[in-house]
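Each remark here refers to the structure printed beneath this line.
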Amino acid sequence: MTYPRCYLLLSAYLSHLVPLLTAALSFHYDFSIPGVLDSAYLMYLNDSHAAGDRINFTAMTTWSTGRVAYTEPVRLWDSNTAKGTSFTTSFSFAIGGYMNGSRADGIVFVISVFPPKIPSQSSGWLLGLYNTEYPSRSPPTIGVEFDTYWNADFDPPGKTDHMGIDINWIKSTNYTELPKLGLYGTMSANITYDAESKMMVATLWLADGSSHSVQTPVDFREAGMPQYASVGFSASTGTLFEEHQLFSWSFNSTDTAPTDPPSKTKMWMIVEYIAIGLICGVVLTIIIAAAYRCFRQGTRNIQLPVVREFLYGELIKATNNFKTMLGSGSFGEVYRGELRHQGTTQLVAVKKLTQPLEKTRKHFVSEVHILGQLSHRNLVKLVGWCWHRNLTSKIFCQCFGRSRDKLLLVYELVSNKSLDEHLHDAGMEVLAWPERYKIVLGIGAAIDYLHNGSSPEPILHRDIKPSNVMLDKNFEPKLGDFGLVRKVNTGSQSLRGTQVMGDKDYIEPQINEDIKSSTTTASDMYSFGLMLLEMATGRKPTVPDGDQILPADLVNLIRESYGNGKLLEMADERLKCGFDKKEMERVLVVGLLCTQLERQNRPDIKKAVKYLSDLEVQAPRVLL
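Structure, rendered in structure tokens:
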């Protein structure tokens, strides 16, 4: 139920409520505790990566850079009140390498724009913070540096290790010299910023137990820092190199809002604020209760112990903040990711559903429920899922009827691209016939598993086409993209739809002509048959004609050749007759059988696989 008064109260107090929800940031990570690093809300840039119980920032090579940042921004100042944010951060880290001075360059705690980015040409003495050719083009950046390499142009004259506070350039505003080779081994640091005095203080404890401090005034607004910024660490190597590692990190920020002492003339304001506080408490109770119901409603149908639920921060880290897109479709975008756990790395494809939740939730739940129970060598494996929610999303869900949740699916990454690319991409080598025939049998086995072997009820894929067939390095096919997959209910042999589902070029004519026509296993067989014809001929079902897509009438062309006894003339010319004639003929015949107009004339998948796998079995004639 939506509460009508909720709208009025939210409008009246939103300016007071939102800062309370978003202003402060607090977290604590001790990476020595198993599982903490895997679930930490961190993003990794360049060479940085998680390594069991620590984070490595740079490789043991020259000119390496790495940065790690928290996945959410911290508010540095309030645009309405001009008040700043106080914060405290503590961390333990290590610098290793050669204990002889032949090392570089250091590590820095950094506050910069969100989302974070490493400027080009910023390795070496620039610590991954600034561009060496165009410093003015670098984003505003505040850093506390722990510098291991002396640079005559920018570093203190003592020619030793040092710590300093940098404001928009690598030359420190203030610094403290450290013992020679002091920045070596495991150390800890604490940095505080007081918004009232605008003073930043950094304290460092070296491996020998000695402490050293540096402080300087910092005005974030005058420095050009945005209201919301990223916090994290950056490190680099140059002509020399060293290791940079992080073992723990905590951060706590609190908005400062000094108040004047109460006076008798302002007592009525105090009473008013108390009343407003009570009202806000009631409103918050209602909103939180409603949001909790929304939260429970969103997850109560997903109970799959065999499939892993990921935290959103884990997927941000795995995909490097969704950096590398592999492709996009009608239901979402797919990104490359790497899941690291106990020294092993698993490549994954992370699909982020992009349509509104109201449209995608049923597809999301269907895919998780069904795929979580499937296991076949020719099906893309579902590794896990993520339903990311936050308090704001829950409030919007109940009070405004829409959600800002993020829905993601995590699959195994099949590395050798799609069948569609291998068939039609001009830059790819021509797919040889033995591989094509192997793929035919593999996809047939996958469909047989869906229709007959996975559950008591048939599972319909409803979007079988070459672009949904992924190939591994051995050209073993895996059928994927199950956004339209559905189970047929017990006692029924079909699904009745309300809209055209799947790629119209691979849908049987009945559904293309009547969007309310039922979908059956025979519908999947039509798509499978059309894909067989495409693999044998190398031709798409449609051909481009300028800005239009015209029917290629591929089925009728092959039917005509079949009737004239010239079926093999339809074979892909690029194969240059490099194929087994019996296999080619059988694939074309089964493709025609599966694409017959009347559903009852199409073979089921078991018969089709039998015809394809055993050439001694006589296939029926195609009805012309």
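Numbered by mature numbering (1 follows the signal peptide of the UniProt record, and there is no 0), the letters in the sequence shown go through residues -23 to -1, 1 to 601 in order. Think of the CB as a built atom: it goes at the ideal place given N, C-alpha and C, for glycine as much as any other residue.
- Judged by DSSP in its simplified three-state form, C363 adopts strand.
- Taking L569 as the centre and dropping the five residues before and after it, the same chain places the C-beta of G506, L510, V532, I535, R536, Y539 and V599 closer than 8 Å to its C-beta, in chain order.
- If you look at K329, you'll find it isn't in any alpha helix (DSSP H); it sits in the beta strand (DSSP E) that goes T321 to L330.
- Exclusion of the five residues before and after P133 leaves H139, Y152 and E154 as the residues of its chain whose Cβ lies within less than 7 Å of its Cβ.
- The C-beta distance from V387 to G361 rounds to 5 Å, short enough to fall under 8 Å.
- Look at L288 here: in three-state DSSP terms it is coil, with no helix or strand label.
- Scanning its chain for C-beta atoms nearer than 8 Å, with the 5 sequence neighbours on each side dropped, one finds around T137 the residues W127, E154, L155, P156, K157 and G159, in chain order.
- Exclusion of the five residues before and after S9 leaves D30, F224 and S225 as the residues of its chain whose Cβ lies within less than 8 Å of its Cβ.
- In the structure shown, D458 falls within a coil segment according to DSSP collapsed to helix, strand and coil.
- When only Cα atoms are considered, S115 and N108 end up about 6 Å apart.
- With distances taken between CA atoms, W364 lies nearest to E286 out of T572, E286 and A423.
- By the neighbour-count criterion, in which 16 or more other beta carbons inside 10 Å mark a residue as buried, E219 falls on the buried side.
- DSSP, reduced to helix, strand and coil, places L592 outside both helices and strands of the structure shown, so it counts as coil.
- Look at Q577 here: in three-state DSSP terms it is helix.
- Secondary structure note for L507: its alpha helix (DSSP H) is the uninterrupted segment T498 to T514.
- According to the DSSP assignment, H399 belongs to the alpha helix (DSSP H) that extends over L396 to H401.
- The beta carbon of G314 sits closer than 6 Å to the beta carbons of A295, T296, V325 and V327 from its chain, once the five residues preceding and following it are set aside; these are given in chain order.
- A206 sits away from S67, with the two beta carbons spaced by 8 Å or more.
- Assignment of beta-bridge partners to N151 by DSSP yields I142.
- The beta carbons of T214 and S41 sit closer together than 8 Å.
- Taking 8 Å as the cut-off, the Cβ atoms of L106 and V87 count as close.
- Secondary structure note for V532: its alpha helix (DSSP H) is the uninterrupted segment L531 to G540.
- Per DSSP, P411 is one residue of the alpha helix (DSSP H) stretching across W410 to D425.
- One alpha carbon belongs to Y18, the other to S187, and they sit about 32 Å apart.
- Spatial neighbours of S230 in its own chain (CB-CB distance under 6 Å, excluding positions within 5 residues in sequence) are listed in chain order as A1, L2, V51, T62 and F64.
- Per the Cβ contact rule, the segment 180 to 199 is not in contact with the segment 21 to 36 (fewer than 3 Cβ pairs under 8 Å).
- Judged by DSSP secondary structure, D15 falls within the alpha helix (DSSP H) whose first and last residues are V13 to S16.
- Taking the Cβ atoms as the reference, V345 lies roughly 19 Å from V391, outside the contact range of under 8 Å.
- Taking 8 Å as the cut-off, the beta carbon of P117 is found no closer than this to the beta carbon of M37.
- Ranked by how close their Cα comes to the Cα of S227, the residues Q98, A200, V195 and N167 have N167 in first place.
- The three-state reading of DSSP puts W40 in coil, since its state is none of H, G, I, E or B.
- Counting C-beta atoms within 10 angstroms of its own C-beta, N57 has fewer than 16 neighbours from the protein chains shown and is therefore classed as exposed.
- With respect to the C-alpha of T125, the residue from H221, R198 and P443 having the closest C-alpha is H221.
- A residue is called buried when at least 16 other Cβ atoms come within 10 angstroms of its Cβ; Q204 does not meet this threshold and is exposed.
- According to DSSP, residue pairing for H221 in a beta bridge involves I72.
- Following the DSSP letters along the chain, one finds L569 inside the alpha helix (DSSP H) bounded by residues K558 to C571.
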